[in-house]
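**Student:** Chains A and B supply the protein sequences, listed in that same order.
Each residue of the first sequence is one higher than the last, beginning at 5 in this note's numbering.
Each residue of the second sequence is one higher than the last, beginning at 117 in this note's numbering.
Beta carbons are placed, not taken as given, at the ideal position from N, Cα and C, and that holds for glycine.
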Amino acid sequence: MNSLTAMQRKLVYFFGILVLMIPTMLLGLPAGSEGGGGVIAQKRAEYDLGESNLGQVDPSSATMNLVLLGFRGVAANLLWLDALDQQEKKNWSQLKSNVESIILLQPHYLQVWRHQGWNLAYNVSAEWDGVADRYYWVKEGAKFLIRGHYRNQIYPDLPHDVGTTLGKKIGRADEWLQFRRYFIDKDPDEQKYGGGPDNELNRDGLDNYLVARDWYEIANEKEMLRRNTIMARVLFRQYPSRSLMDYPDALQREGTFGELSEQGWQEAHRTWVNEYGREPYPFQFGEVFLEATPEEIDAMAKEYGVDANLVSKAVESLRSTANYGYWKTRSRIEATPEMVKAHRSLYEGQRLYREGKYGDVEVDGKVQPSEAETLTLEGLTLFEGLFQEHSELLDVYDTVDEVLMGIICLNYIAQVNNHPAPESFPLKSLWLQQQIRIPNLNTVFRSENRIRE
Amino acid sequence: MPFNPEPYNVLVSFLIWLLVFGGSAVLIALVSLLVALAVQGSEGVRGVLRLIGDGFTELFSLSFRRIWALATLTFKESVRRKTLLVFVVFAILFMFAGWFMQGSSGERADLQIKQHVTFALRAISWLILPVSLLLACWGIPEDIKARSLHTVVTKPVRRSEVVLGRMLGFVGIGTVVVAAMGFVGYVWVVRQIPNDARAKLVSRVPVYGTLTFRDRVGTATDRGVNVGDMWMFRSFIEGASKARAVWTFEGLDVDELKRQGGLKLEAKFESFRTHKGDINTKLFCQYRLINPDSKLFADVPPFPVNEFSETITTVAPTIDVYNDTTQERKAVSLFDDLISNGKLTVEVQCIDTGQFLGMARPDLFIRMADRSFFSGFSKSVVSIWLMMVLVVALGVTASCFLKGPVATLATFSLIVVGMWFRSFMETVVLGGTFKGGGPVESIIRIATHKNIQEQIEEDAISQAITMVDYAARAMLWLAQHLVPNFEHFTRASQYAPNGFDVDWQAGMLPVIFVTLAYLVPCVLIGYYSLKLRELESK
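1) For the pair the stretch 368–385 of chain B and the stretch 490–501 of chain B, tell me if three or more CB-CB distances fall below 8 angstroms.
2) Smallest Cα separation from W180(A): which of G198(A), R348(A), A136(A), L24(A)?
3) Which word fits T337(B), buried or exposed, when buried means at least 16 other C-beta atoms lie within 10 angstroms of its C-beta?
4) So is S7(A) buried or exposed if we call it buried at 16+ other beta carbons inside 10 Å?
5) If we define contact as Cβ-Cβ less than 9 angstroms, is S220(B) a contact residue for chain A?
6) Report the residue ranges of all beta strand (DSSP E) runs contained in full by the stretch 254–340 of chain B; include only those spanning at least 3 residues, in chain order.
7) Would you list the one or two residues that DSSP bridges to I353(B)?
8) Hey, quick one: how far does the alpha helix (DSSP H) through T434(B) stretch, first residue to last?
9) Can you give me the C-alpha to C-alpha distance between S220(B) and G378(B), rounded to a whole angstrom?
10) Quick check: what's the CA-CA separation for D468(B) versus L399(B)?
11) Keeping to the same chain, check which residues put their C-beta closer than 8 angstroms to that of G200(A); ignore five residues upstream and five downstream.
12) DSSP on T233(A), reduced to helix/strand/coil?
13) Tell me, to the nearest whole angstrom, how far the beta carbon of Y403(B) is from that of V462(B); I am working on the premise that it is less than 8 angstroms.
14) Checking 9 angstroms against the spacing of the C-beta atoms, do R197(B) and L153(B) come in under that value?
15) Rounding to the nearest angstrom, what Cα-Cα distance links P284(A) and F293(A) in this structure?
16) Return yes when the Cβ of M484(B) is within less than 9 angstroms of the Cβ of Q610(B), no when it is not.
17) State the DSSP-derived secondary structure class of S221(B), mapped to helix, strand or coil.
18) Leaving out five residues before and five after V448(A) in sequence, what residues of the same chain have Cβ atoms less than 7 angstroms from its Cβ?
19) Would you tell me roughly how many angstroms separate the C-alpha atoms of I234(A) and P613(B), rounded to the nearest one?
20) Please report the straight-line C-alpha distance between F137(B) and G288(B), rounded to a whole angstrom.
21) Give the single residue among I337(A), Y159(A), E104(A) whose Cα lies nearest to the Cα of E144(A).
22) Taking only three categories from DSSP, how would you classify K459(B)?
23) Measuring only the C-alpha atoms, how far is L248(A) from R336(A)?
24) Starting from the C-beta of V164(B), find all residues in its chain whose C-beta is less than 7 angstroms away, skip the five residues before and the five after it, and write them out in chain order.
25) Run the CB neighbour count on P478(B), radius 10 Å, all protein chains shown included, and call it buried at 16 or more, exposed below.
26) Name the chain A residues whose beta carbon is nearer than 9 angstroms to that of K392(B)?
27) Would you kindly check if the distance between the Cβ of L381(A) and the Cβ of L390(A) is under 9 angstroms?
28) Please state if the CB of P111(A) and the CB of N156(A) are separated by a distance shorter than 9 angstroms.
29) Please report the distance separating the alpha-carbon of K1(A) from that of A476(B).
30) Could you have a look at T442(B) and say whether DSSP puts it in helix, strand or coil?
31) Whose CA, out of Q419(A), L384(A), V420(A), lies closest to the CA of M409(A)?
32) So what does M484(B) bridge to, in DSSP terms?
33) Taking buried to mean at least 16 other C-beta atoms within 10 Å of its own C-beta, is H604(B) buried or exposed?
34) Applying a beta-carbon distance threshold of less than 7 angstroms, which residues of chain B neighbour W117(A)?
35) Using 8 angstroms as the threshold, is the stretch 312–330 of chain A in touch with the stretch 340–350 of chain A, meaning 3 or more CB pairs across them?
36) Starting from the beta carbon of T128(A), find every residue of chain B whose beta carbon is closer than 9 angstroms, and list them in chain order.
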């Protein structure tokens, strides 16, 4: 090398650069309109690694990652530590801005979105005392997950989490009654949402379970192309239908009965059987579905050239994982007018008790039981008939609890009217059988009806 | 870090400063004398004493004209070195910051203000600190390298004047930069804050009290109940019991309160429920105002607690009080009957049975008349300016005996340690319990296989070891105080973002004192270093 002149050395460098540039250019050619381009572009398209393939592109996030060079991990770690510290010190605004910074650095790391969405909706909201404040943080969690979904549109997990937050968190929290009113009718932030629901989450003022169902549908759509990382596929895909069951159930919990709840259960049953029940799940020998009749099992066995028992076992294993039969029966029974009436009677009986309308009434000189007592007894009698007809209802915890609460209510009505505890009443055998659950339910009843010791 | 301003004890700080400064000076002088005696005998001792004497002579014969001339040159040199380019970065930051900040704080007015003001102040301090650090640390080494200092020292200029001139010049350019950034930052914040949040853009003036507690049976205690929170900042009082949080306020300006038309109590409590209760209703809290001397009291109507946000209760000058014994209603004057010699006690109780309210000292204060936002913001900018002055002083001092890169690294390390590790150092030095004793005792324990639980026999040797360890600890204490406490500056810059005026006693005084406390030793060290330095050694 020493024998070369300065000019020769420069020429060698120049040609060296040129030689190295050729493979670099070949590797890094931009993607063509029909999927061509350099090797890197092709691989990026193959594995869905491009920013635009994953979802919306955020230029500030991409810039931040480039500017940090190789220190993205370090910066993200520091931000995570700081976020944890801020949460511990209840500095919510700082926590939120830290989370925003974290997602700038890790926009395609699903667990960041999932963890922080859940953290905001469940943990941070629980730190607040005011119901409206809690609701605000639940919404923040849901909105965070929605943003995560738009940034990572190919994954099914995030829309599923949005569904869970809007469905279960809003519909099943201690404050579910207030949360649902806020979500469906009137957001607490009247100034921002003009006395209507939060239009970022519920533009049309739908029930939270129906909005959740839409998100579960999106998740299922994405799940057809990419596996979810949350649960077994057969469970994951049942959520739109399950959400449709939660909808009439919530209506009934709120005291809305009749056609709306009946139709809700009918629609839920139809979707469960005709849509979820007909979805194909692959096995080694071929695809099977949950709602397969014995004839269809035989036909599938013939088509796949395997023993019918094998197909039957596969269907059974799916059904057992999804608890398919239970939900099928439950939605069918819940959709019957008798069941709706039984729910309504118990609900109305307890409502009247809560309103203090439990005293015996005198009609034509005769002492008659109060309407609260009459309705509760009517509800229990209807449930007795339903239990005899559908013994599987005895496995439904919620329904059994509802009935036991009805009997507790009956006892309290007797107590306030100075009557001895009723000797015989409908479903007495169930009451005696479930004694272990009574103290707990009694506490709940007392708390709901503000009965002091 | 929670916003928790604590009063600053100037006298104690001054005594500590005297001890550290005097102790270090004596220690350095003694070591120098001993070394000189060992190396050069009595001539050496005379030389050291002459050097000390020269220092005093120089101190009293400084020429402010020469210092000013050197400062002006330093200023011009800094401008030539493109220092003012920092404005470009500043301008870019402020031009686009609004894009990223709008609506990102949940639209609550106080949070929006907090974010905007924090950004403005951080941008100013994070831009000015590196610039002043680099300028200060590279100035003198560059002069030595370029031999321009050789020309200066041949003139009738004293070395102390070179040090002071350099410091003043760098402070001058820093002042221009901070003032301009402060002005732009102020205008930017005022313009960026949405209209609906502007009403909150003020500087609140709080009067904090001292907080004690009473437990559920009414016994006085330092802290309330721990409800299992990992963060021990707040402690809790139980509802519908004798538990109380007791704030004692002193030095209240009754005339100003009268002008205000009553007493404004601002609180930020935390709720904790042990049972669900009525979830539609927030927990309730009640104040009892008590005259600390006559014990006369008046109850203020209960109010719901707004968690994590301010609840303001205005107490009218006259309170209607019902006397249980006489069964009569009586009007009690807030200013004449309840506030006694500027003192007032406020007891806080939680009304709801089985529920708890959490509080810490800064969670309740008396709010005096608000000052303008400019007042708080400008004082925060002044605290940044003082921090810049301190950095310049440290940097110039370091550059008098170190080369540019090393001086930069040394000053930067001082800033980092002083800003983030000062509390840790205090815990280590003043933490109290030293498990296993000091360094000598630890060595002996290791050598004799004695764990930290085992007692060491009390004898003359163990007493000697304790003495040596005590001396080691004293040295650590001294070393800890040699690092400037930059946490005071961080605290001072927290007032404006939290919507407070910077308190003179707890906010401004510490930063002024810390700056002055390091300025004097820095000039002295700089002077002696430059005097003893061989300028030919680049």
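**Tutor:** Quick look at the numbers:
1) no
2) A136(A)
3) exposed
4) exposed
5) In this prediction, S220(B) scores a pLDDT of 48, lower than 50, which makes its location untrustworthy; no coordinate-derived value is stated.
6) 318–324, 326–330
7) L473(B)
8) Counting along the chain, T434(B) falls outside any alpha helix (DSSP H), though it belongs to the beta strand (DSSP E) covering 434–439.
9) Confidence is the limiting factor: at S220(B) the pLDDT is only 48, short of 50, which leaves the residue's position unreliable and the question unanswerable from this model.
10) 6 angstroms
11) D189, K190, D191, G209
12) coil
13) 6 angstroms
14) no
15) 5 angstroms
16) no
17) Only weak support exists for where S221(B) lies, its pLDDT of 45 falling under 50; the value from the coordinates is given anyway. Three-state DSSP puts S221(B) in coil, outside helix and strand.
18) none
19) 42 angstroms
20) 27 angstroms
21) E104(A)
22) strand
23) 13 angstroms
24) S148, L149, A152
25) buried
26) D178, S451
27) no
28) yes
29) Past the edges of chain A, shown from 5 to 457, lies residue 1(A), and the structure says nothing about it.
30) coil
31) L384(A)
32) V321(B)
33) buried
34) Those do not exist, as W117(A) stays about 17 angstroms from chain B at its closest Cβ, beyond 7 angstroms.
35) no
36) Strictly speaking, residue 128(A) in this sequence is Val, with Thr absent from that position. In chain order: nothing, as chain B lies at least about 11 angstroms away.
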